[in-house]
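One structure is given here, and the rest of the page talks about it.
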Amino acid sequence: MCVMEHARASAAAASRGACAAVPADQMAFVRQILDRVGDKWSMLIIAILEDGALRYTDLQRDVSGISQRMLSHTLRQLQQDGLITRTAYAEVPPRVEYTLTPLSRSLLDIVKQLIGWASDHHDEIRAHRDRAAAGS
11 MCVMEHARAS AAAASRGACA AVPADQMAFV RQILDRVGDK WSMLIIAILE DGALRYTDLQ
71 RDVSGISQRM LSHTLRQLQQ DGLITRTAYA EVPPRVEYTL TPLSRSLLDI VKQLIGWASD
131 HHDEIRAHRD RAAAGS
């Protein structure tokens, strides 16, 4: 890699805001992580697992509106990223539990704040959407 390419690769991804501290060569992966943890289903699953291990059926019941396919997909992705653990017990019938990892516990306060913010501002945002739709 020439000196000029190296300088471009180690430059910040943006000139201002929080992204300014992220090297450009890391930005694509940072976007992937934000896409994963910022996904509505991922955040809800992380928040629901706060109090301890849950079985798949418990998660399906508690994550309102999620399909079986999407729950399985999201759990698999969270496990791949090290945000949850999946423990299968050799019992009849088989039992599988999901728990948060220390990595996801470090994200938990942020997730709860985002969910709380959305809940607190629900009416205000709905009113803005209604006004925008009426003006269209």
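Per the numbering used here, the very first residue in the sequence shown carries number 11; after that it's consecutive. Yeah, the Cβ is synthetic: ideal placement off N, Cα and C, and Gly gets one too.
Inset, instruction - Have a look at L128 and R136 and give me their C-alpha separation to the nearest angstrom. - result: Counting from one through the sequence shown, the residue named residue 128 turns up at place 118. Counting from one through the sequence shown, the residue named residue 136 turns up at place 126. Checking the displayed sequence, the identity of residue 128 turns out to be Ala instead of Leu. For A128 and R136, the distance between alpha carbons rounds to 11 Å.
Inset, instruction - Reducing DSSP to helix, strand and coil, say where Y99 ends up. - result: Residue mapping note: residue 99 aligns to position 89 of the sequence shown, counting from 1. Residue state, collapsed to three classes: strand.
Inset, instruction - Return the residue from the list R65, I120, R79 that minimises the CA-CA distance to P103. - result: Numbered from its first residue, the sequence shown carries residue 103 at position 93. Ranking the options by Cα distance to P103, first place goes to R65.
Inset, instruction - Check I76 in the structure and name its three-state DSSP category. - result: Locating residue 76 in the sequence shown gives position 66, where the first residue counts as 1. Here I76 sits in coil by DSSP.
Legend entry - Simplified DSSP state of R112, which is helix, strand or coil: Within the sequence shown, residue 112 is the residue found at index 102, counting from 1. Reading the sequence as shown, one finds Pro at residue 112 and not Arg. Note: P112 maps to helix in three-state DSSP.
Legend entry - Host alpha helix (DSSP H) of D91 (start-end): Counted from its first residue, the sequence shown places residue 91 at position 81. First-last for D91: undefined, no H or E at that position.
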